[in-house]
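As structure tokens, the structure follows; a few thoughts come after it.
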Amino acid sequence: MSVAAVSAASIPAQPSPRERSRQRAIRRFRWSILAPLILLLAFVLMPVLFLQLYFSFHQWTVYLGSWSDAEYVGLDLFQES
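Residue numbers for the sequence shown follow the working numbering, beginning at 1 and rising by one.
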């Protein structure tokens, strides 16, 4: 009897259709919460980050006009005067 009980216990039970449906609903809910945050990061915050990186290596001010007029200075902006 103990051999039959051990082999039956080692077989993984298939989840019921209700349990699979519940797991899909939980996964869908998690993505519905995460998707807007990921999109916000990708389309709003990442361009701002790249723009800040550009400005940190170029001497650009509002008075210059276009960004192409900015002079590349590298890490000189970070040196203490």
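Cβ coordinates follow ideal geometry from the N, Cα and C atoms, glycine included.
CB contact flag (residue i, residue j, <7 Å)
i   : j   : result
F57 : G74 : yes
Q79 : E71 : no
Residue i, enclosing alpha helix (DSSP H) - first and last residue
i   : result
A25 : 17–40
Which of helix, strand or coil DSSP assigns to residue i
i   : result
Q59 : strand
Interface flag, residue i vs chain C, CB-CB below 7 Å
i   : result
F43 : Absent from the structure is chain C; it holds one protein chain and no more.
For residue i, the nearest candidate out of the options (CA to CA)
i   : options       : result
W67 : L77, R28, Q52 : Q52
T61 : S16, P47, L77 : L77
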